[in-house]
Every structure is written in structure tokens, then in C-alpha cells.
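If you use the numbering used here, the sequence shown corresponds to residues 681 to 1162, in order.
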Amino acid sequence: MTDLTAPSAYSGLYGFHKYWGKKPVEPLRALISVLSDAGDLVADPFLGAGAIAREAAALKRRFLGSDINPVALRLASFNMNPCSTEAYKSALQHLSDTVRSTILESYDVEGLGLTSHLLWEEGVISSVWQRPVSGVRRRLERSATNADYKLSALYEGYEPQILRDLVIFKNSRINANADLDWKTLFSGRALRNIEILIKAIRRLPSDVREVFELTLTASIGQMSRMVFAITSRGKTTGTTTGKVEVGSWVLGFWRPKQHFEINVWNCFEARANKLARALPEIPVPVTVGKTIASVLGDQAAVYLNNQGALSLLREVPESSIQLVITDPPHGDRIPYLELSEIWNAVLDETPCLSEEIVVSNAAARQMTMNEYNARLTEALQTTALKVKDGGFVVLLFNSRHQKEWQALKALESAEGISLVGALPLHYSARSVVQDTRKGAMKTDFIIIYAKGKPCSERVRKLAMVPGWISHLPSCTKIKNAR
681 MTDLTAPSAY SGLYGFHKYW GKKPVEPLRA LISVLSDAGD LVADPFLGAG
731 AIAREAAALK RRFLGSDINP VALRLASFNM NPCSTEAYKS ALQHLSDTVR
781 STILESYDVE GLGLTSHLLW EEGVISSVWQ RPVSGVRRRL ERSATNADYK
831 LSALYEGYEP QILRDLVIFK NSRINANADL DWKTLFSGRA LRNIEILIKA
881 IRRLPSDVRE VFELTLTASI GQMSRMVFAI TSRGKTTGTT TGKVEVGSWV
931 LGFWRPKQHF EINVWNCFEA RANKLARALP EIPVPVTVGK TIASVLGDQA
981 AVYLNNQGAL SLLREVPESS IQLVITDPPH GDRIPYLELS EIWNAVLDET
1031 PCLSEEIVVS NAAARQMTMN EYNARLTEAL QTTALKVKDG GFVVLLFNSR
1081 HQKEWQALKA LESAEGISLV GALPLHYSAR SVVQDTRKGA MKTDFIIIYA
1131 KGKPCSERVR KLAMVPGWIS HLPSCTKIKN AR
């Protein structure tokens, strides 16, 4: 059970996309292995990017999953059946031949060459970076010239023609306002080039089109005005170099006064090359069914759906699932749909915001703590009905607030359900979210429930893991966990 205590960093397909709240893969794999057998039915009604789905299928379990977030379902579907390296590289070369030069011309400064990065500070370009034509230097830095401003101004009036309007709510937690739009978040040059990519991607064959749409969502954050400039690296050790480094788009819609504008083609190509290295040469196909019945009847291995957790669970027969393992929304920790709006707009998807289970600081959405608890309680109690005797419900959870544990406590009152215990969910490194939130917890918890009398051998294996407790973590212990 070392997989539960020493997870690795995200790699391969799991490192491709910066989807919110990803969990380390090794603990998921270990839990599925210990709490179910090959051929058993495993379910995840809060699918996310699909790590649980992929691991369950790899372990020869049948799987049911859903997520209300369209980009999550797209990622899960891709992770289940990725295209081949050859097909992806061939399509990438086609895109390069088709649009690369058109995009790069918008960064080609007369007499100075191609720009890779521009460092902006309150409307002024303080530095310009270029890739060297040859040699070992990683970049060439120079001061801005009139030609840089002239080239930027040439595209600043660009208006999006393909991208649908963004639907953003006022939410101070993520620095969002209802008037945020594409022009606020991206330069005109970036928008022009993003839409050039979208047009070209939509003309690709269907077997690679969707993965390139996801590639664009995976890279679009670095194309925005939300890319921080890191100026204090090494500050805590007293060894600062004074160099400015490129940061990244972090959780929210923060627009720093000092930010980078990065060459759109370079962003896209770098992310595409990373994915190309992770793709299989010969994918092993997984049969994905169009109905739950196809999985229950063994005609398909997996069923995935873009719907809310309750909608999926209500369709599943009672006492049919061996293991429900899921990462439900953690109260007001991450407003998934609000944060995913840029991605979903790129995919031309419109999520069903009204059915999300979440606490949101966006007053217009009326997603209160009471509403969250009522919805999650109903989802978890419905889950209990669908699990068979001897089966398990595993929840990955994290909250500083006792109120947000109400639904988990209510699960224990469901018929036949009992709390088995809990474990700390370790990460290979602290995430941005965990590092920056005031009073943030430093670990998630794996909360394990059983229906009926659980297999003693399965429970014994879990109880051997360091940090095991046989009760629900208290809010105090959660706040102090390390």
C-alpha cells in the first residue's frame, strides 16, 4: 500500500491538462485494487478529468461516470481512448504547415525578428524576449522599440468572431466580475491567433479534432494577460538573482499589473509536443457504451455522461455497485464551472450551471452552504442505495469548515452504511491552491464507508497505512494536518 503514501508527480497523460483539483493517481489505483475485483462495477459521479475512470478500466473494472462540466467529460473521454502518437504528430504537422506562419507574422518585428515574450507593466512593455536563432542561450532580452508597440497596436482592435461570449459572475474569491470579457483577459493579438487555431482545428478529421481542441484549452491560460511575472524567486533563502521568470495562470481571473504576453504558437506547440510524448504508439481501445445498460450487460466497459451526479445515480439499479470512489466538490473551495468558463467557451460548450453542487461567492448564483449540503446529502444518500452489500463508498474530501462535512456525516445515517475509517491523501508536492489560500489545509482525506459487513482483509490492508484513523476527522485535526 505504499502507493497511498508516496505518490509521484503528474506525468504522461495525467500531466497534460491543468484541470482543477486533480488528485494523485497512485492512491486512486491502490484503492480500486484493494476495494474491488476485476469485473466489479466501479462508479465516479464527480468525474473530473477522468483519472479514476482510466485507472478502473486499466484494472479491468466496469465503470460508470459523469460530470456536469463539459471540459471534464471531454478530458475523461480522451484519457479513456487517446489517439496514437503518429496520428497526433501528423495532425500537428498539418496545423504547423497551415497556420504557423500566419500566427508568427504577428510577432515578427521588422528588423528585429520573432518575439517569444513581452513583459508588460501597466500598459508599458518593459522587456522583450526572443528565441536565439542559434547558440546555447535560452533567450535574448532587449528593450522595447516603437516597432514593438506598432505591431501590438495593429492587432489590439481585433474582435472575437468565433468564440462565444463569456458568462462570468461577480465573485471576489476568484477575482471575477460580470463585465469580464475576452478583450479584458487577452490581447487582441492573442485573440486573433487563437481564432486562427480554432478555425484550423475544426477542419481536422474527427479522430484528432477533439484532442487538439483540448490541447488549445490546455495552453490557452498561458496565452492570456493572466500570466504572472515571477520576480522574487529565492527570496526566502536570500539568493535572489534579480531575473524575471515566467509564471503561470493560477486559479482565478487575476490580472497582474506586471504580466507576460506569450507567443500563441509557441504556447500551443509546447503543450502539443508535451502531449505527443505522452501518447501511446498503439492505443489499447476501451469500449465506451452509450447507455448504463450496455455496461451492466457487459457490452461495454465504460459509460460516461455529461450530467449531474444525481442524474447518473438515479439511473443505476440498486445494490449493483461494488465501489463508488469520487472527489465531490469541497464546499466553497473550487467553483469548477465558473473557473472552467474559458475552456468551455473554446470548446463551444455551455454548462448547466444551475445543477452544480457547489458553494459559490457569486451571489447571483445563489449557491449557498445550505443548498450545497442539501444537494450533496441527496447525492450521497442515493449513492448508498446503489452500492451492494460488501461494497464501499470512498470520498476524497478537504474542508476547513465543519458545516461542509454535514453531507458526509449524513451518509452514515443511510441504511446499511457505516464509517470504516480515514486516511490522509498525500501529494507529491503542495499544489498552488494549497500553498496560497490563507489557513489552507495541507492534505486531503480519504474517507471510507462500507455497506453491510465489509471484507475484513480489505479493511486490514487499509488499516496498515500510516495515518489511518477509524473515525471521521474533526475540523480541528483537519486544520492542523500536515
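Idealized CB from N, CA, C, for every residue including glycine.
Backbone CA spacing between residue i and residue j [nearest angstrom]
i       : j       : result
Ser1111 : Asp1007 : Because the pLDDT of Ser1111 is 48, which lies under 50, any placement of that residue in the model is unreliable, and the question is left without a value.
Gly837  : Gln987  : 38 Å
Ile783  : Ala880  : 12 Å
Arg734  : Lys698  : 17 Å
Thr967  : Met760  : 9 Å
Val751  : Ser1020 : 8 Å
Trp700  : Gly791  : 42 Å
Trp1023 : Thr795  : 26 Å
Leu1142 : Ala731  : 21 Å
Gln810  : His797  : 7 Å
Leu860  : Pro1015 : 17 Å
Tyr835  : Lys850  : 29 Å
Gly719  : Glu961  : 27 Å
Asp978  : Leu739  : 15 Å
Val1038 : Ala981  : 30 Å
Leu931  : Asn857  : 15 Å
Lys830  : Ile805  : 12 Å
Gln1082 : Ala1043 : 22 Å
Arg1055 : Ala1087 : 9 Å
Pro812  : Ile1126 : 49 Å
Leu1172 : Leu894  : Look at the range of the chain in this structure, 681 to 1162, and you will see that residue 1172 is not part of it.
Arg872  : Pro965  : 37 Å
Ser1136 : Leu715  : 11 Å
Arg935  : Val1074 : 38 Å
Ser757  : Phe892  : 14 Å
Ala767  : Thr778  : 17 Å
Check whether residue i and residue j have beta carbons under 7 Å apart
i       : j       : result
Val1004 : Ala723  : yes
Val926  : Thr911  : no
Gln1002 : Leu708  : no
Ser1040 : Met1049 : no
Ala909  : Leu799  : yes
Leu755  : Ala729  : yes
Val789  : Ala833  : no
Pro963  : Ser713  : no
Ile748  : Glu1036 : yes
Thr822  : Val808  : Before going further, note that residue 822 is Arg rather than Thr in the sequence given. Result yes, Cβ atoms of Arg822 and Val808 sit closer than 7 Å.
Tyr1107 : Pro704  : yes
Neighbourhood of residue i by C-beta distance below 7 Å, restricted to the same chain and skipping five residues each side
i       : result
Trp929  : Gly901, Gln902, Ser904, Met906, Val907
Asp1124 : Leu1076, Phe1077, Asn1078, Leu1105
Leu993  : Pro725, Ala1059, Thr1062, Thr1063, Lys1066
Val1139 : Val1100
Val847  : Glu1021
Arg780  : Trp945
Rounded distance between the beta-carbons of residue j and residue i, thought under 8 Å
i       : j       : result
Asp1069 : Ser999  : 7 Å
Pro1134 : Phe1072 : 7 Å
Phe948  : Ser899  : 5 Å
Arg869  : Ser786  : 5 Å
Ala956  : Lys769  : 5 Å
Leu772  : Ala952  : 5 Å
Ser1098 : Tyr1052 : With 8 Å as the limit, Ser1098 and Tyr1052 do not qualify as a contact, their Cβ atoms being about 24 Å apart.
Cβ neighbours of residue i in the same chain (closer than 8 Å, five flanking residues each side left out)
i       : result
Asp1028 : Arg844
Ala958  : Ser691, Gly692, Leu693, Gly695, Phe696
Leu896  : Ile874, Leu877, Ile878, Ile881, Phe948, Val1026
Trp1085 : Phe1077, Ser1079, Leu1152, Cys1155
Closer than 6 Å: residue i CB and nearest the ligand PLP heavy atom
i      : result
Leu984 : Inclusion of the ligand PLP in the displayed structure is not the case, the ligand content being empty and no account of it being possible.
Own chain residues within Cβ distance below 6 Å of residue i, not counting five before or after
i       : result
Lys983  : Lys is not the amino acid found at residue 983; the sequence shown has Tyr there. Around Tyr983: Leu744, Gly969, Ile972, Val975.
Leu1033 : Leu1017
Asp1115 : A caution first: Asp1115 carries a pLDDT of 43, below 50, which makes its placement in the model unreliable, though a value can still be read off. Same-chain partners within the cutoff: there are none.
Asp1012 : Val1039
Arg853  : Asn1041
Gln938  : Glu801, Ala909
Ala736  : Ile712, Val722, Phe743
* Do three or more CB pairs link the region 739 to 748 to the region 936 to 945 at distances below 8 Å? -> no
* Asked: Three or more beta-carbon pairs under 8 Å between the region 981 to 995 and the region 1059 to 1068, yes or no?
  -> yes
* Asked: Should the region 856 to 876 be called in touch with the region 1028 to 1038, which here means at least 3 C-beta pairs below 8 Å?
  -> no
* Meets three-Cβ-pair contact criterion under 8 Å: the region 1139 to 1148 and the region 1083 to 1099 -> no
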